[in-house]
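In this note's numbering, the protein residues as written are 20 to 373.
C-beta atoms are modelled at their ideal positions from N, C-alpha and C, and glycine is treated no differently.
All values derive from a computational prediction rather than experimental measurement.
To start, the structure itself, in structure tokens.
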């Protein structure tokens, strides 16, 4: 299962909206006969690659997979049929697939055709690996990664609306690698007005277009914002409210500039995320500003926190991370700490696997 999880992670940043899945076929004597991973949506699933590599050796073997094998016809055929046809005697799966089209049905099909099924080995790791997929499937919203750079004394800017560069080159390179893996980047309209960012992935290769999301209740985004000139990198979505959309002259100018307008059912952050879930956006890197971070935190919609802590000291008068709300990295689930040049990365899940 450890090997299957390793292979699953090889699809990071490429499989959305599908999950990352790895599979390994092992003979009764413990010899690895085949292995594979799901590389991208629309291509064969991990089980198929592993079975193809194992060939006739799959007869009587055990298949380890990180997610319940699918039992329906989507862009590819059902994996459970191939598993039975290959003569697999036993399937060990980490977790059940929450997709209503699959949930429990894959296991039922296998058991009904004489295959022994065991579920739960490596479940915590497998669940964390696919939190975006599970969150989108179960809650109909993206998995939210709250990202911020802070000073040593816990500030994110010297004053409201003022761009404050804090991170080192090493931290900036890491942040770009992260951008290459998520479905979308999100910022508030205040960040657009203050920084006029491009919001594009730079450096690491990205296999899919990157969606940029601007949360803008009042449609304050300028039609000449730089991000609207980069639509070759991916779509730009502005999520607003009914009141914002009613400002027809602003909306028409933004749409003429290439923005796609989504209207949330109300002014909450959850309503805005629901719009993105309907677009099958599974992961959202929330880069700021402070008001957007507070909204996600207060509504319990921050799933993962990634902080770049720098050696700078800003002092009183600055903008505090989460406006001083109670937060401790010690409370994060599976926290990870990594030095990045002069900075330190601290990240972890806000909740345990779910």
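Starting from the Cα of residue i, find the closest Cα among the options and give me that residue.
| i | options | result |
| --- | --- | --- |
| residue 323 | 149, 105 and 104 | 149 |
| residue 375 | 90, 296, 113 and 211 | For residue 375 there is no data in the structure shown, the boundaries of the chain being 20 and 373. |
| residue 264 | 245, 36 and 285 | 285 |
| residue 309 | 97, 77 and 208 | 208 |
| residue 357 | 351, 349, 366 and 350 | 366 |
| residue 56 | 307, 31 and 372 | 31 |
| residue 42 | 253, 29 and 311 | 29 |
| residue 235 | 212, 160 and 338 | 212 |
Around the Cβ of residue i, are there at least 16 other Cβ atoms within 10 angstroms (buried) or fewer (exposed)?
| i | result |
| --- | --- |
| residue 224 | exposed |
| residue 54 | buried |
| residue 88 | buried |
| residue 7 | Missing from the structure shown is residue 7; the chain here goes from 20 to 373 and no further. |
| residue 97 | buried |
| residue 376 | A question about residue 376 goes unanswered here, because the residues of the chain that appear run from 20 up to 373. |
Return the Cβ separation of residue i and residue j in integer angstroms, given the expectation that the two are a contact with Cβ distance under 8 angstroms.
| i | j | result |
| --- | --- | --- |
| residue 302 | residue 201 | 4 angstroms |
| residue 292 | residue 165 | 13 angstroms between Cβ atoms; not a contact. |
| residue 86 | residue 102 | Actually they are not in contact, since the Cβ atoms of residue 86 and residue 102 sit about 13 angstroms apart, beyond 8 angstroms. |
| residue 45 | residue 84 | Between residue 84 and residue 45 the Cβ distance is about 11 angstroms, and since that is not below 8 angstroms, they are no contact. |
| residue 431 | residue 280 | The chain is shown only over 20 to 373; residue 431 falls outside these bounds and no answer can be derived. |
| residue 27 | residue 58 | At roughly 11 angstroms, the Cβ-Cβ gap does not stay under 8 angstroms, so residue 27 and residue 58 are not in contact. |
| residue 340 | residue 204 | Not a contact, Cβ separation roughly 19 angstroms. |
| residue 186 | residue 329 | 6 angstroms |
| residue 52 | residue 73 | 4 angstroms |
State the DSSP-derived secondary structure class of residue i, mapped to helix, strand or coil.
| i | result |
| --- | --- |
| residue 78 | coil |
| residue 135 | strand |
| residue 256 | strand |
| residue 126 | helix |
| residue 24 | helix |
| residue 89 | coil |
| residue 206 | strand |
| residue 306 | strand |
| residue 333 | coil |
| residue 161 | coil |
| residue 230 | strand |
| residue 263 | helix |
| residue 340 | helix |
| residue 144 | helix |
| residue 293 | helix |
| residue 156 | helix |
Does chain D have any CB closer than 8 angstroms to the CB of residue i?
| i | result |
| --- | --- |
| residue 363 | Absent from the structure is chain D; it holds one protein chain and no more. |
Any 3 or more C-beta pairs closer than 8 angstroms across the stretch 320-338 and the stretch 207-221: In this structure the stretch 320-338 does not lie against the stretch 207-221, because fewer than three pairs of beta carbons, one per stretch, are closer than 8 angstroms.
Three CB pairs or more closer than 8 angstroms across the stretch 176-196 and the stretch 235-254: No, the stretch 176-196 does not touch the stretch 235-254.
Touch test, the stretch 150-161 against the stretch 124-133, Cβ-Cβ under 8 angstroms, three pairs minimum: No: the two stretches stay apart, fewer than three of their Cβ pairs being nearer than 8 angstroms.
Sufficient close CB pairs (3 or more, under 8 angstroms) joining the stretch 165-174 to the stretch 266-286: The stretch 165-174 is not in contact with the stretch 266-286.
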